[in-house]
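Numbering-wise, the UniProt record's numbering puts 42 at position 42 of the sequence shown, and it's gapless, one number per residue. Just so it is clear, CB atoms sit at the ideal spot from N, CA and C, and this is done for glycine as well.
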Amino acid sequence: MPPSGTSGSDTGPARPLTDLLMNSPIPPAHLVRNLALYQRRDAVADTLALNEIYLRILRVPGVLMEFGTQWGRRLAVLAALRETYEPYDYTRVIVGFDTFEGFPDPHDYDGSFEEIHRGGMAVTPGYEEHLAEVLRAHDRESHQSDRERFELRRGDVRKTLPDYLVERPETIVGLAYFDLDLYEPTKACLEIIRPRLVPGSVLAFDQLGHRDYPGETVGFLESLGVQPSAVEKLNYSRSPTLVTI
């Protein structure tokens, strides 16, 4: 979903940043390197949060999972951080799970916010292939360019996650980032990965305690419960909330 606290569109007295980007006079060969010029504050905060999370798991083994990738921005940032901090660790695979068709049927616990409905938060048709191409481009620029160190799993995570673990029985989860927003898939994923967590593993929740998305919090409470010493937020961003095992 859009960075927390935003509607996903730029507003203000000046011309929207989106329009400025789409009409940028920067030559295409230089545009990717200068995208920070058009980033909003919340996008920068999101990157800082992922950097802090990554530093916490450097000594923790395991793959990096994101549940609810949508457009995949966090997968790309995690790939860049991996290349920065541990470029030769070929076991640090990044796995993104998404239906790429929007939400499944919500539960009563998920509330009635306007985006909570079947198909909510869907991406454009065929986007999964574009995202895979982008992530491959990042891989080709890495120190392990001969290896594909990402996976995308399409479908209901309540099925695709167990299937993944059957195919990858060696899996340990170093980081699990939850942006599913809904009660049932959040609870199911927590219960499925729990045996794969080790001391120091980090769980990040994008909507914990969020009134518009109560299902994520209910799923968390029913699966893990609250351990005050292990649950914390970052001082520069409302989300994510971090749980360290």
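Backbone CA spacing between R92 and L64 [nearest angstrom] = 7 Å
inquiry  = If distances are taken between C-alpha atoms only, which option among E128, P27, R56 comes closest to L234?
reply    = R56
query = What is the rounded straight-line gap between the Cα of P2 and the Cα of R168?
reply = Note that P2 has pLDDT 48, beneath the 50 cutoff, so the model's placement of it is unreliable and the number below is only indicative. P2 and R168: Cα-Cα distance of roughly 31 Å.
ask   = For P13, which residues of its own chain have a beta-carbon under 8 Å away from its beta-carbon, when the five flanking residues on both sides are left out?
value = Residue placement at P13 is poorly supported in this model, since its pLDDT is 40, which falls under 50; the coordinates still yield a value, given next. Closer than 8 Å at the Cβ level, and outside the excluded window around P13, lies no residue.
ask   = Would you report the Cα separation of S201 and R194, rounded to the nearest angstrom?
value = 10 Å
query = Taking buried to mean at least 16 other C-beta atoms within 10 Å of its own C-beta, is A230 buried or exposed?
reply = exposed
request  = Please name the residue, chosen from P214, A80, R154, that lies closest to G102 on a Cα-to-Cα basis.
outcome  = R154
message = Using a 10 Å radius around the Cβ and a threshold of 16 neighbouring Cβ atoms, would you call A176 buried or exposed?
response = buried
ask   = By Cβ distance, which residues of its chain are closer than 6 Å to E232, with the 5 residues on each side in sequence left out?
value = L242
request  = Look at D206 and S237 and say whether their C-beta atoms are less than 7 Å apart.
outcome  = no
key: Host beta strand (DSSP E) of I94 (start-end)   = 94-98
inquiry  = My output table needs one value for L234: the three-state DSSP class, helix, strand or coil.
reply    = coil
task = Compute the Euclidean distance between the alpha carbons of D69 and L75, then round it to the nearest angstrom.
result = It should be noted that the sequence gives Thr, not Asp, for residue 69. So the two alpha carbons sit approximately 7 Å from each other.
ask   = Between the Cα of S142 and the Cα atoms of Y85, M121, Y109, T99, which residue gives the shortest distance?
value = Y85
task = Check each candidate in V95, I116, F97, G96 and name the one with the smallest Cα separation from D105.
result = I116
inquiry  = So within the region 142-214, which uninterrupted beta strand (DSSP E) runs reach at least 3 residues, ignoring any that extend past its ends?
reply    = 150-154, 173-178, 197-205
key: Buried or exposed (CB count within 10 angstroms, at least 16 for buried), K159   = exposed
ask   = How about G111 and P214: are their beta carbons less than 7 Å apart?
value = yes
ask   = Per DSSP, what kind of secondary structure is E216 in: helix, strand or coil?
value = helix
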